[in-house]
Structure formats: C-alpha cells, structure tokens
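Data first, discussion second: the structure below is written as structure tokens.
Residue numbers (our numbering): 14 to 420.
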C-alpha cells in the first residue's frame, strides 16, 4: 500500500511512538468509501500504539484542495462547513478510540488556527516558498497544463496545508502526515516548512490513488457516490457495492481494506470462487462500517435478491435496492378483492405499450413479479403478494425493473 514515503520512516514506525495525521475535506456531512483508506490508516496506526489525529479542514475546506481536480471547486459557506464537520466527527468515532488511555485519537479543526492575519501568514509562511517551488508541485502543474488555470485561492492551498503540519507539530508533536499519492506535494511542503522553521525532521507516507480496473474513479457508481452514512447509502446498497466489485479488483480491495491477518487474507484469495471472495469482502466492510447486525441483514437480503424469496426482504431494503428504478403509484382501489390482472398491471405501469403487447410479453415468459415468472395472461396479482404489503417488483426480461407502490 505504500506508494511513497520519506527516508527512515519505516524504522521510526517500528521502533518509536509517533503522532500522525490525515486531513479530511468537509465537502459533505458524510465520508464516502473513498475515505476508508485514510480512516483505516489512522485506525491501524492507533492499533499499533501510535497516536492518530484527524484534521477536519474547516478552514481549508472553505478554499478547496486543487489536488486531483481539473477545475475550481465550489466554495462552501461557514454554515455548510460546520454542518459537515458535525457529521464527519460522528463517523470517525466509529473507527478511532478517543478515550484510549495511552494513545487517544484526536479530532481537530484547522479553522482554529487558519484565522491568522494575512500579514503574519505571508511573513511566517509565504516567505519560505518560492513561486517556482509551488509550480513544480503536481497539484498545481497539472491544473496549469489543463488550460483552465488555477486561482490564487487554490494556489495558496499548499501553503495552508504546510501550515497545518507546522501547527500540529508544535501543538501535539505530530511528525508524520499521511495521504493519497496526490497529496505528496502538499505533504513535502509541510516537511520543508518544519525543517526551515524548527530545524526538525518530519515525515510523510502516501498510498496509491484508488481506481477500478476499468479506470473509473473508485467509489463512484452510475447512481452516484457510496457514502458511509446509512441515511445516504443504505447498508444493503453498501454491501452490494462490494459484492459487485470487478473480479480484477477483488484481490486489491481485500489486501487494502481487510483487517484480517495476512495468512487469513491469503486463504481468502486462494478461494477459486470469485463470487465468494466478493461476499467475504462485502461482509467484512459492511460489518466494519455498519456493524454485525446490518452486515448479516444485508448478506441475507443479497442472497434473496434474485430469487422468489425477495418477498422475505425488509420492504425498506427493497425500496433502497431499487431506488433508481422507475416506479409508479398504484392506488389500492385498483386492486379488486381478487387482485389486478397481470396484463392490466404491466400495461398500467408502462412496461408494455398496450394490453395486447403486455399479453404477448406474458405469454412469451418475459414478465416477472417479485422474481416469479408469470406466463398465464389470466393471472391475478393480489394485495397479499406485495412485499411488506407495499410494493411489487416488476421485471421485463432480465434487466428492466419497475416498482409498483401501493398508495
């Protein structure tokens, strides 16, 4: 997982107690799966006796880090940043021990020290960096090469992050900063500032940027970001994200994210059933983020998803699973005492353009209700067939899903 690190850091981590930090950008009130590696880096440091600091960028978050960005970020208001900070603090407490006796974790907000006045900042920080030095940093040079340019606001971000490192060094004896490989330039700027102003050596370690085997950005799906907040991404959808991992990515993800012993990880990877490896990955990470109960529930629901046992899944999970599928409200008055004809229902929700086409579709075996194939055009769909008494999952062919909600 080590993409790059400063000389001597490996020996220091093995022999000494260090304080290390990772920065988190408060652009939302929840972290997402792309934040898991930084969070786990802090968790693992603490597990091995080191002291982790999570720096919430309440100050820099109002500016925006240009690293890995092709265009200017939308700036956040102070109220937005405060709301996002509260959500992130709650989530980090799931992974870090803030009440540990010997090496407690800390959460700090860099807005507490970035209120420095401009003259002091230019005198104490800016004078130690040349423009040429800053232009050589990848986060700056890539933006300049893109043709869109970079504002002075984002250009200054590197100096602010370097100042963060200095403040943490002075306040908490923090000597290590961690991050993704796109942060290397910002990290080394902080190391240089500490060397120049305090004549001390600090360190940095970065891991590879996560990308899928197809080249897509990790953590993004067709329906959007996979959040750690169960209100934004349900535990079931979180589980399904990992279950649907590309076979080519499973080994990497297990090695990066699993907290199991190396021997156990190797045993998992020897399993020739790729689907089983995906399930193990999905269960472990869902348990890590959402707890055992939700992991077990998600695993059980996943096993029922493509079978007629879908009716046994909690209706809220079903609604979450298919929240991006087309849906229609079906007034209960349209279901007579003996139900609604399947042909009428398929035509009613638009899975077929007409009743005659719906009839042909049913007769050809192309219609499923709650994963049960319906081939009799005279069949009735009754209220007691609804999942949780509230919804029918209709399917045309193998992929075209539609939710009919009883209203």
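All C-beta atoms, glycine included, are put in the ideal place defined by N, C-alpha and C. Remember, predicted model here, so these are calculated numbers, not experimental data.
| Starting from residue 414 and walking both ways along the beta strand (DSSP E), at which residues does that stretch end? | 413-419
| request: Would you tell me roughly how many angstroms separate the C-alpha atoms of residue 83 and residue 159, rounded to the nearest one? | output: The pLDDT assigned to residue 83 is 43, lower than 50, so where the model puts this residue is not dependable; a value taken from the coordinates is nonetheless given after this. For residue 83 and residue 159, the distance between alpha carbons rounds to 7 Å.
| task | Taking residue 299 as part of the alpha helix (DSSP H), name the residues at either end of that continuous run. | result | 287-303
| request: Measure the alpha-carbon distance for residue 127 versus residue 192 and round it to whole angstroms. | output: Those two C-alpha atoms are separated by around 20 Å.
| Extent of the continuous beta strand (DSSP E) run through residue 220 | 216-220
| field | Among 261, 27, 25 and 45, the one whose alpha carbon lies nearest that of residue 237 | value | The shortest CA-to-CA distance from residue 237 to any of 261, 27, 25 and 45 is the one to 45.
| With DSSP run on the structure shown, which of helix, strand or coil describes residue 83? | Residue placement at residue 83 is flagged as unreliable, the pLDDT there being 43, under the threshold of 50; the coordinate-derived value follows with that caveat. Coil at residue 83, not helix or strand.
| message | Measuring straight from C-alpha to C-alpha, what distance separates residue 148 and residue 154? | response | 6 Å
| request: Please report the Cβ distance between residue 228 and residue 215, rounded to the nearest whole angstrom; I am assuming they are in contact, meaning their Cβ atoms lie under 8 Å. | output: The pair is not a contact, with the Cβ atoms about 34 Å apart (cut-off 8 Å).
| task | Have a look at residue 278 and residue 300 and give me their C-alpha separation to the nearest angstrom. | result | 17 Å
| query | Does DSSP classify residue 16 as helix, strand or coil? | reply | DSSP, reduced to helix, strand and coil, places residue 16 outside both helices and strands of the structure shown, so it counts as coil.
| Roughly how many angstroms lie between the CA atoms of residue 132 and residue 69, to the nearest whole one? | 25 Å
| Among 73, 104 and 102, which has the Cα closest to the Cα of residue 90? | 73
| query | Would you call the region 278-297 and the region 246-262 touching, i.e. three or more CB-CB distances under 8 Å? | reply | A contact exists between the region 278-297 and the region 246-262.
| query | Starting from residue 409 and walking both ways along the beta strand (DSSP E), at which residues does that stretch end? | reply | 404-409
| request: Counting only the same chain and skipping the five closest in sequence on each side, list residues whose C-beta sits under 6 Å from that of residue 180. | output: 126
| request: Just grab the DSSP bridge partners of residue 33 for me. | output: 65 and 189
| For the beta strand (DSSP E) that residue 122 lies in, which residues bound it at each end? | 119-122
| query | From residue 285 to residue 262, what distance separates their C-alpha atoms? | reply | 15 Å
| field | Exposure of residue 274, with buried meaning 16 or more beta-carbon neighbours within 10 Å | value | exposed
| Shortest alpha-carbon distance to residue 35 belongs to which of 417, 218 and 171? | 218
| request: Assign residue 60 to buried or exposed, taking buried as 16 or more other Cβ atoms, counted over all protein chains shown, within 10 Å of its Cβ. | output: Label assigned to residue 60: exposed.
| message | Is the beta carbon of residue 199 closer than 8 Å to that of residue 152? | response | yes
| request: Please report how far the alpha carbon of residue 38 lies from the alpha carbon of residue 399, in whole angstroms. | output: The straight-line gap from Cα to Cα measures roughly 43 Å.
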